[in-house]
Amino acid sequence: MAPRNLLDLDDLHAEELMALLERAEAFHRDPSPRQALAGVPVVNLFFEPSTRTQTSFTIAEQRLGAEVVTINPGTSSMVKGETIADTAVTLAAMGVGAIVVRHRESGFPYALARSFPGHVINAGDGTHAHPTQALLDLMTLRQEFGRITGLRVAIVGDIAHSRVARSNIHGLRALGAETVLVGPPTLLPDAMAQPGVRIERDLENVLPNVHAVMLLRIQRERLERALVPSVASYAHEYQLNGRRLRLLREGAIVMHPGPYNRGVELTDEVLEFAGCRYTNQVANGVFARMAVLEALCA
Ligand code: CP
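Written out as structure tokens, the structure reads:
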């Protein structure tokens with residue numbers, strides 16, 4: 065039986081993950097509109113800003129024939145004090161079949177799922193999880209290399225506060241890839257090492273030995289909390305730039321979930337690099353989200 069919700073990738077077995085990747089690839093090969101979700105109202109409820117995730121979920125829902133509803137929490141009755149539990153009951157009473165939710169609090173989608181009888185899809189919660197981002201990242205790796213098993217993937221930057229890193233670590237481990245986490249101790253504590261997940265501090269030592277490098281955005285808040293002394297010091301140690309690109313092995317690719325900060329974690333040369341797969345990732349977001357919506361709601 066398919067799970068009711070997608071709250072993180074650790075909800076899924078390797079076989080379920082592979083089935084989603086296969087289905088996403090089928091949507092990529094044939095992106096024509098479908099009717100799998102015809103008549104199903106799907107609500108997009110984003111409490112945090114989003115360009116990629118919200119837009120691609122909307123396109124995915126429309127392409128599957130769903131009735132798409134976008135609620136702006138700032139103009140909903142939640143500003144009058146209606147709780148998320150009461151909001152969930154209210155939406156269910158209207159026949160809403162699924163809610164796609166993003167929230168700054170880790171665990172918020174789990175609270176919503178306890179009150180909502182339909183399907184909840186986590187579109188990013190705090191520093192906890194971003195399962196559909198990890199799915200589209202896995203899809204991008206599989207398109208490039210034809211497999212996930214045996215790949216070595218570096219994730220570079222603010223790992224400790226990254227929901228993207230956390231979900232990717234789950235997915236990469238489940239499918240047999242080796243993950244190399246790279247960053248300073250303030251953003252990557254030693255305790256994050258686990259079987260299949262190694263910690264490295266020196267980016268230049270790592271670059272020649274990996275199939276893919278996934279860069280993460282350095283948030284301004286980290287600078288304000290002095291977890292990083294300055295943009296210049298971070299860039300000196302961990303920025304991917306033209307010189308460091310030349311250290312990569314032949315055929316290696318560079319990924320970034322977006323939004324990226326030019327001049328911080330990467331330079332313009334990285335975005336112009338033939339192995340940069342940022343736009344492939346964005347395109348795959350629609351297909352990966354179609355696969356999730358179909359698996360849960362159809
Ligand atoms: N990658 C990602 O989650 O981007 P958005 O914040 O624009 O959705």
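Residue numbers (my numbering): 65 to 362.
For glycine and all other residues, C-beta sits at the position ideal for the given N, C-alpha and C.
All figures in this text were calculated on a predicted structure; none of them were measured in a lab.
| message | My assumption, with CB atoms under 8 Å, is that I219 sits in contact with L245. Please give the rounded CB distance. | response | 6 Å
| task | State the DSSP-derived secondary structure class of H167, mapped to helix, strand or coil. | result | strand
| task | Give the DSSP-derived three-state secondary structure of V274 in the structure shown. | result | coil
| request: Excluding the 5 residues preceding and the 5 following H192 in the sequence, name in chain order all residues of the same chain whose CB lies nearer than 6 Å to its CB. | output: S170 and R227
| said: Rounded to the nearest angstrom, what separates P181 and D75 at their Cα positions? | reply: 18 Å
| field | Opening and closing residue of the beta strand (DSSP E) in which F110 lies | value | P105 to F110
| field | Three-state class that DSSP yields for R116 in the structure shown | value | helix
| query | Is it the case that the Cβ atoms of N108 and T134 are separated by a distance below 8 Å? | reply | yes
| message | Rounded to the nearest angstrom, what separates H194 and R307 at their Cα positions? | response | 31 Å
| Cα-Cα separation, E79 to H167 | 29 Å
| message | So if I measure from each beta-carbon to every heavy atom of ligand 1 and keep distances below 7 Å, which residues remain? | response | P113, S114, T115, R116, T117, Q118, G188, H194, Q197, V228, P321, G322 and P323
| task | Name the two residues that bound the continuous beta strand (DSSP E) containing E301. | result | It is not in any beta strand (DSSP E) - E301 instead sits in the alpha helix (DSSP H) that spans V295 to Y302.
| field | Supposed contact pair A90 and L200 - C-beta distance, whole angstroms, cut 8 Å | value | Not a contact, Cβ separation roughly 15 Å.
| task | Check each candidate in H275, N344, S179 and G322 and name the one with the smallest Cα separation from T117. | result | G322
| What do you reckon, are the CB atoms on A355 and L84 nearer than 8 Å? | yes
| task | Using 10 angstroms around the beta-carbon of M65, count the other beta-carbons present and answer buried if the total reaches 16, otherwise exposed. | result | Since pLDDT at M65 reaches only 44, below the 50 mark, its modelled position is unreliable, and the value read off the structure follows with that caveat. With fewer than 16 Cβ atoms within 10 Å of its Cβ, M65 is classed as exposed.
| said: My parser needs the beta strand (DSSP E) runs of 3 or more residues fully inside the region 203-256; what are they? | reply: 216-220 and 242-246
| message | Among the candidates L128, R284, T147 and A224, whose CA atom is the shortest distance from the CA of A255? | response | A224
| task | Below 8 Å on the Cβ atoms is my guess for T243 versus V261; work out the distance and round it to an integer in Å. | result | 5 Å
| query | If you count every other CB in all the chains shown that lies within 10 Å of the CB of G103, and 16 or more means buried, which is it? | reply | exposed
| query | Within 10 angstroms of its Cβ, does D72 collect 16 or more other Cβ (buried), or is it exposed? | reply | buried
| Are the region 206-214 and the region 324-338 touching, with three or more C-beta to C-beta distances below 8 Å? | no
| query | Taking the runs of the beta strand (DSSP E) that are 3 residues or longer, which of them lie wholly in the region 316-340? | reply | 317-319
| message | Could you compute how far the alpha carbon of L128 sits from the alpha carbon of T343? | response | 22 Å
| request: Determine, using beta carbons only, whether V346 and A316 come nearer to each other than 8 Å. | output: no
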